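With the first letter of the sequence shown counted as 1, position 3 gets the number 3 in the working numbering; the numbers rise by one all the way through. Note that the Cβ used here is the ideal one computed from N, Cα and C, for glycine as well. No experiment lies behind these values; they were computed from the predicted model shown.
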Amino acid sequence: MIFSLSNIIDSLAGVLRERYPDYPVYDSPNQQGTKPPCFFIFFMPSEINGQVGGRYLRDLGVDIVFVQQRNIVNGNAEIHKIADGLDEMLELFPYSDGGKNSASVRTFERQWQNEDGELHYKFHIRERVCLPRQETAMEVLEEGDAYVKN
Numbered sequence: 001m002i003f004s005l006s007n008i009i010d011s012l013a014g015v016l017r018e019r020y021p022d023y024p025v026y027d028s029p030n031q032q033g034t035k036p037p038c039f040f041i042f043f044m045p046s047e048i049n050g051q052v053g054g055r056y057l058r059d060l061g062v063d064i065v066f067v068q069q070r071n072i073v074n075g076n077a078e079i080h081k082i083a084d085g086l087d088e089m090l091e092l093f094p095y096s097d098g099g100k101n102s103a104s105v106r107t108f109e110r111q112w113q114n115e116d117g118e119l120h121y122k123f124h125i126r127e128r129v130c131l132p133r134q135e136t137a138m139e140v141l142e143e144g145d146a147y148v149k150n
């Protein structure tokens, strides 16, 4: 299975679109043409730490931002409703690598806050990964008389 940033964004966007089909999901800030309410998916500072056996622990910080029109009636109530929905959906979410492979991914340190009328739902994804290795079969066996006894 391929574990990539773009696949994480696509998988999270799929979860958001399924629950909130009328709200667009973006992976980068838009300066013009953005019509709230909508979601943005951003990565926060992340770490990669070496593990045994050529593996790595990849700790990815994610911030899902819900933006709505400013100064609307019951704006806080909508933020609370969205935060509850994200709590339900994001303890485990379905991850797809774009092909046949899929898995459930657990999130850690989930928290949310209201910043200037926008919901910031932050969490971490911690997965052990390894880089694909290309094994090369030995073509020629070296001769050495250290192994031959007469």
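Just how far apart, CA to CA, sit residue i and residue j?
i      : j      : result
Phe43  : Phe123 : 10 Å
Val25  : Asn74  : 22 Å
Thr107 : Tyr23  : 23 Å
Val15  : Pro132 : 28 Å
Glu91  : Phe39  : 18 Å
Val67  : Glu118 : 5 Å
Ala13  : Leu86  : 12 Å
Arg116 : Ser11  : Correcting the residue identity first, residue 116 is Asp in this sequence and not Arg. Going from the Cα of Asp116 to the Cα of Ser11 covers about 27 Å.
Ser6   : Glu127 : 15 Å
Pro21  : Lys81  : 15 Å
Gly99  : Asn114 : 36 Å
Gly53  : Glu109 : 27 Å
Is it buried or exposed for residue i, if we count other Cβ within 10 angstroms and need 16 for buried?
i      : result
Ile125 : buried
Ser46  : exposed
Ile64  : buried
Glu83  : At residue 83 the sequence reads Ala, which differs from the Glu that was named. Looking at its Cβ environment, which holds 16 or more other Cβ atoms inside 10 Å, Ala83 is buried.
Ile48  : exposed
Ile72  : exposed
Val62  : buried
Suppose the cutoff is 8 Å on Cβ atoms and the five residues either side in sequence are ignored; what does the same chain contact list for residue i look like?
i      : result
Ile9   : Asp27, Ile41
Asn101 : Met1, Ile2
Among residues of its own chain, excluding the 5 on either side of residue i, which ones have a beta-carbon nearer than 6 Å to its beta-carbon?
i      : result
Val129 : Phe3, Tyr56, Arg58
Pro37  : Tyr23, Gln68
Tyr121 : Ile64, Leu86, Trp112
Asp97  : Met1, Ile2, Asn7
Grab me the residues of residue i's own chain with a C-beta within less than 7 Å of its C-beta, minus the 5 sequence neighbours each way, in chain order.
i      : result
Ala103 : Met1, Tyr95
Can residue i be considered in contact with the ligand SAH, in the sense that its beta carbon sits closer than 8 Å to one or more heavy atoms?
i     : result
Ile82 : The ligand SAH is not part of the structure shown, which contains no ligands of any sort.
(message) Could you tell me which whole beta strand (DSSP E) segments of length 3 or greater appear in the region 30-104?
(response) 38-50, 55-67, 92-96
Exercise. Which runs of the beta strand (DSSP E) spanning at least 3 residues fall entirely within the region 107-134, listed in chain order?
Worked result: 118-130
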